[in-house]
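Here's the structure we're looking at; comments come further down.
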Amino acid sequence: MKDKTGPSDLGDMSTEEFRRHGHEIIDWIADYLGEMERFPVLSRNQPGDLKRELPRTPPLDGESMPAILADFRDLIIPGITHWNHPAFFSYFSITGSGPGILGELLCSALNVNAMLWKTSPAATELEEVTLDWLRQMLGLPDSFWGIIYDTASVSTLHALVAARECVAGLSPRQKGLDGKGGRLALYQSEHAHSSVEKAAITVGIGQEAVRKIASDAAFRMDPKALESAIQKDISAGWRPFCVVATVGTTSTTSVDPLPEIAAVCRKYHLWLHVDAAYAGPAAILPEMKWVLEGADQADSIVTNPHKWLFTPIDLSVFYCQRPDVLRRAFSLVPEYLKTNVDDTVTNYMDYGIQLGRRFRALKLWMILRYFGQKGIEARIRRQIGWAQELAEWLDSDPEFERMAPTPFSTLCFRAKPKALAADEKALEQLNGELLERVNDSGEAFLSHTKLNDRFTLRLAIGNIKTERRHLDRAVEILRQALAELKEERGI
Ligand SMILES: Cc1ncc(COP(=O)(O)O)c(C=O)c1O
85 MKDKTGPSDL
95 GDMSTEEFRR
105 HGHEIIDWIA
115 DYLGEMERFP
125 VLSRNQPGDL
135 KRELPRTPPL
145 DGESMPAILA
155 DFRDLIIPGI
165 THWNHPAFFS
175 YFSITGSGPG
185 ILGELLCSAL
195 NVNAMLWKTS
205 PAATELEEVT
215 LDWLRQMLGL
225 PDSFWGIIYD
235 TASVSTLHAL
245 VAARECVAGL
255 SPRQKGLDGK
265 GGRLALYQSE
275 HAHSSVEKAA
285 ITVGIGQEAV
295 RKIASDAAFR
305 MDPKALESAI
315 QKDISAGWRP
325 FCVVATVGTT
335 STTSVDPLPE
345 IAAVCRKYHL
355 WLHVDAAYAG
365 PAAILPEMKW
375 VLEGADQADS
385 IVTNPHKWLF
395 TPIDLSVFYC
405 QRPDVLRRAF
415 SLVPEYLKTN
425 VDDTVTNYMD
435 YGIQLGRRFR
445 ALKLWMILRY
455 FGQKGIEARI
465 RRQIGWAQEL
475 AEWLDSDPEF
485 ERMAPTPFST
495 LCFRAKPKAL
505 AADEKALEQL
515 NGELLERVND
525 SGEAFLSHTK
535 LNDRFTLRLA
545 IGNIKTERRH
555 LDRAVEILRQ
565 ALAELKEERG
575 I
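Sequential numbering of the sequence shown, starting at 85, is according to my numbering.
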């Protein structure tokens, strides 16, 4: 048979060619996952480096897979920051695990659209079952119903739409926000993720209506300040409608006090949405159940398996105790989407903005089965343990200062040499340069934030392939870079 290098006739890639390149790509992926450390974690590309290498016009004739794959290796890979690298400690460290990657592959091969039960019964039912497994693992009551969206940002957007749907006297679905029912006000801590404010912008509530409630010394929302803000708004004619509490804030991973916040929400009849995008999976551990204490009183919760549950991006899980409200807000069924089983099955398109939906449940199901609850617990527990060990090191090293408590696997700290201890500007400059040097090493990638206006380094542990030696090396690089910076400054 002729060795085809392009599409067969007018059809797709031939089965033989697919098999050959498929094997080649799986081999490449296996090598990549096994030898990731030969790549710098952070891409060294400069702006425009890739664009300069690519043709400005599209290919007129098909090209061979070997040519395409050669460009993938030679042009694309240098511009990749390796999020799957065991020394990726930036933002929140994530994992595309083996079973997750294979799940993604099968998902694209099936290419089903999980919009209706009928359009792929197994896709809907696997989503229902897998999310119920995860709910049990998290220790949430069975009154929580789950759905998969792409990201936490979109999950929170859905929470806000559902919360808005519940405001008495408003008909946002029919009339939009015509201003007649009073202006809605939303509450979050000053440390909530920007996705909450973005959701407020998107649903038409507006940034002016977002109240950023003060937090305590451990960066947790102050429930008393929350209640005062609500009372003040009510007196001024605003209509409080929703509170977003965070379990694992983005900068410090602080945990807002859910039981107290839930009590305020009950008192004022507000929708409580819990953003547990990062830290939710910690609640799988028996000793960490406390993090979701009070979440049983929330109306909705988001957690992201694509953050700390070894799931390739994207997969965000939204649990809701009032799916009827979500359905009321979103269901709109034209004739061509009606089926003869609509009364007896879940049609996930009724619970969100999207019609078309990827079969994301497949990869999560494969991950939960492959590692099992105990395997997941052990991995998360080890990562939390390492973070506690690093916290102890930071507390004992006079050159460094820990900037926030470490309830999970993320550390906030800064270098604070004695000679600069009283000079905030110099400390900011020094820590900025320290971060650059560590990241330029290619052996570790950290990020930063600002806490109480102080430049703070963040080291987040979460990749399944991270070993203790990667952390030891990161500490060594940090110390070495700090020693160099001190020497250059003559301090
Ligand atoms: C607490 C929290 N919420 C929400 C998000 C947004 O997540 P996503 O990228 O899935 O929208 C993040 C991202 O880091 C986060 O830390």
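Here a beta-carbon is modelled for each residue, glycine too, at the ideal position from N, C-alpha and C.
With a threshold of 8 Å, establish whether the CB of residue 487 neighbours any heavy atom of ligand 2.
Absence of ligand 2 from the depicted structure is noted, with ligand 1 being the only ligands included.
For chain C, find out if any of its Cβ atoms is closer than 9 Å to the Cβ of residue 498; answer yes or no.
Going by chain labels, chain C is absent from the structure shown, which holds only one protein chain.
Residue 272 beta carbon less than 9 Å from that of residue 294:
In the sequence shown, residue 294 corresponds to position 210, counting from 1. In the sequence shown, residue 272 corresponds to position 188, counting from 1. Closer than 9 Å, so yes.
Between the beta-carbon of residue 222 and the beta-carbon of residue 365, is there less than 9 Å?
Along the sequence shown, read from residue 1 onward, the residue named residue 222 stands at position 138. Along the sequence shown, read from residue 1 onward, the residue named residue 365 stands at position 281. Taking 9 Å as the Cβ cut-off, residue 222 and residue 365 qualify as a contacting pair.
How many angstroms separate the CA atom of residue 418 from the CA atom of residue 549?
Looking up residue 418 in the sequence shown gives position 334. Looking up residue 549 in the sequence shown gives position 465. Computed Cα separation, rounded: 47 Å.
Check whether residue 232 and residue 368 have beta carbons under 9 Å apart
Taking the sequence shown and counting its residues from 1, the one referred to as residue 232 is at position 148. Taking the sequence shown and counting its residues from 1, the one referred to as residue 368 is at position 284. With respect to residue 368, residue 232 sits apart: the two C-beta atoms are not nearer than 9 Å.
Using the C-alpha atoms, what's the distance from residue 161 back to residue 378?
Your numbering for residue 378 matches position 294 in the sequence shown. Your numbering for residue 161 matches position 77 in the sequence shown. In this structure, the straight-line span from the alpha carbon of residue 378 to that of residue 161 is close to 45 Å.
In this structure, how does DSSP classify residue 206 when only helix, strand and coil are distinguished?
Reading the sequence shown from its first residue, position 122 is the one you call residue 206. Residue 206: helix per DSSP, three-state reduction.
Mind pulling the beta strand (DSSP E) runs of 3 or more residues that sit fully within the segment 187-262?
Along the length of the segment 187-262, whole beta strand (DSSP E) runs at least 3 residues long occupy 229-233, reported in chain order.
Member of 116, 127, 95 and 101 whose CA lies at the smallest distance from the CA of residue 527:
Residue mapping note: residue 527 aligns to position 443 of the sequence shown, counting from 1. Considering only alpha carbons, the answer is 127.
Identify whether residue 437 lies in helix, strand or coil by the three-state DSSP scheme.
Sequence index remark: in the sequence shown, residue 437 carries index 353 (1-based). Three-state result, residue 437: coil.
Per-residue burial, residue 86 [other beta carbons within 10 Å of its own, 16 or more giving buried]
Locating residue 86 in the sequence shown gives position 2, where the first residue counts as 1. Residue confidence for residue 86 is low, a pLDDT of 44 falling below 50, so the modelled location carries little weight and cannot support an answer.
From the DSSP secondary-structure annotation, give me the bridge partner or partners of residue 93.
Your numbering for residue 93 matches position 9 in the sequence shown. Paired residues: none, contrary to the question.
Skipping 5 residues on each side, what residues in its chain have a beta carbon closer than 6 Å to that of residue 149?
In the sequence shown, counting from the first residue as 1, residue 149 sits at position 65. Taken in chain order, the residues that qualify are 105.
Exposed unless 16 or more other CB atoms sit within 10 angstroms - verdict on residue 385:
Numbered from 1 along the sequence shown, position 301 holds the residue referred to as residue 385. Label assigned to residue 385: buried.
Keeping to the same chain, check which residues put their C-beta closer than 6 Å to that of residue 141; ignore five residues upstream and five downstream.
What you label residue 141 is simply residue 57 of the sequence shown in a count that begins at 1. In the same chain as residue 141, and ignoring 5 residues on each side of it, no C-beta atom comes closer than 6 Å to its own.
Between the C-alpha atoms of residue 164 and residue 157, what's the straight-line distance to the nearest angstrom?
As a first step, residue 164 is located in the sequence shown; it is residue number 80 there, counting from the start. As a first step, residue 157 is located in the sequence shown; it is residue number 73 there, counting from the start. Looking at the two C-alpha atoms, the distance is approximately 10 Å.
Could you check whether residue 487 and residue 428 sit closer than 9 Å to each other, using their CB atoms as the reference points?
In the sequence shown, the residue the question calls residue 428 occupies position 344. In the sequence shown, the residue the question calls residue 487 occupies position 403. Contact check for residue 428 against residue 487 fails: the beta carbons are separated by 9 Å or more.
Go ahead and label residue 184 buried or exposed: buried means 16 or more other beta carbons lie within 10 angstroms of its beta carbon, across all protein chains shown.
Within the sequence shown, residue 184 is the residue found at index 100, counting from 1. Buried is the call here.
Whose C-beta lies closer than 7 Å to the C-beta of residue 129 among residues of the same chain, with five residues either side of it excluded?
By 1-based counting over the sequence shown, the position of residue 129 is 45. The beta carbon of residue 129 lies closer than 7 Å to those of 162 and 163 in the same chain, with the five residues before and after it left out.
In angstroms with no decimal places, state the Cα-to-Cα distance between residue 267 and residue 285.
For the purposes of this step, residue 267 is taken as residue 183 along the sequence shown, with counting starting at 1. For the purposes of this step, residue 285 is taken as residue 201 along the sequence shown, with counting starting at 1. When only Cα atoms are considered, residue 267 and residue 285 end up about 14 Å apart.
Bridge partners for residue 403 per DSSP, in chain order?
Looking up residue 403 in the sequence shown gives position 319. For residue 403, the beta-bridge partners assigned by DSSP are 230 and 385.
Could you check what DSSP says for residue 532 in three-state terms: helix, strand or coil?
Working through the sequence shown from its first residue, we reach residue 532 at position 448. Here residue 532 sits in strand by DSSP.
Whose C-beta lies closer than 8 Å to the C-beta of residue 208 among residues of the same chain, with five residues either side of it excluded?
Translated into the one-based positions of the sequence shown, residue 208 becomes position 124. Within its own chain, the residues whose Cβ lies closer than 8 Å to the Cβ of residue 208, once the five positions on either side in sequence are excluded, are 198, 200, 201, 429, 430, 431 and 432, listed in chain order.
Local Cβ density within 10 Å of residue 255, reported as buried at 16 or more and exposed below that:
Sequence index remark: in the sequence shown, residue 255 carries index 171 (1-based). Counting Cβ neighbours within 10 Å, residue 255 comes out exposed, since fewer than 16 surround it.
Best match in 524, 495 and 551 for proximity to residue 175 [C-alpha to C-alpha]:
For the purposes of this step, residue 175 is taken as residue 91 along the sequence shown, with counting starting at 1. With distances taken between CA atoms, residue 175 lies nearest to 495 out of 524, 495 and 551.
Taking the DSSP output, what are the residues bridged to residue 540?
Here residue 540 refers to the residue found at position 456 when the sequence shown is read from its first residue. Among the bridge pairs identified by DSSP, residue 540 is matched with 533.
Nearest-angstrom Cα separation, counted from residue 570 out to residue 212:
Mapped onto the sequence shown, residue 212 falls at position 128. Mapped onto the sequence shown, residue 570 falls at position 486. In this structure, the alpha-carbon of residue 212 lies about 56 Å from that of residue 570.
Could you tell me the boundaries of the alpha helix (DSSP H) in which residue 522 lies?
Counting from 1 along the sequence shown, the entry for residue 522 is found at position 438. 508-524 is the extent of the alpha helix (DSSP H) around residue 522.
Look at residue 401 and residue 187 and say whether their C-beta atoms are less than 9 Å apart.
Within the sequence shown, residue 401 is the residue found at index 317, counting from 1. Within the sequence shown, residue 187 is the residue found at index 103, counting from 1. With respect to the 9 Å criterion, residue 401 and residue 187 are not classified as neighbours on the basis of their beta carbons.
Own chain residues within Cβ distance below 7 Å of residue 311, not counting five before or after:
Stepping through the sequence shown from its first residue, residue 311 is reached at position 227. Counting only residues of its own chain and dropping the five nearest sequence neighbours on each side, residue 311 has a CB closer than 7 Å to the CB of 348.
Range covered by the alpha helix (DSSP H) that runs through residue 99
Here residue 99 refers to the residue found at position 15 of the sequence shown. Residues 99-118.
Mind the definition here: the segment 448-467 touches the segment 388-403 only if three or more C-beta pairs lie below 8 Å; say whether that holds.
Taking a cut-off of 8 Å on C-beta distances, the segment 448-467 touches the segment 388-403, as three or more cross pairs fall below it.
N- and C-terminal bounds of the beta strand (DSSP E) containing residue 374
One-based indexing of the sequence shown puts residue 374 at position 290. Residue 374 -> no beta strand (DSSP E), and no H or E assigned at all.
List the endpoints of the continuous alpha helix (DSSP H) containing residue 552.
The residue labelled residue 552 in the question sits at position 468 within the sequence shown. Residue range 552-573 is occupied by the alpha helix (DSSP H) that includes residue 552.
Measuring straight from C-alpha to C-alpha, what distance separates residue 330 and residue 380?
Your numbering for residue 330 matches position 246 in the sequence shown. Your numbering for residue 380 matches position 296 in the sequence shown. Rounded to the nearest angstrom, the two C-alpha atoms are 14 Å apart.
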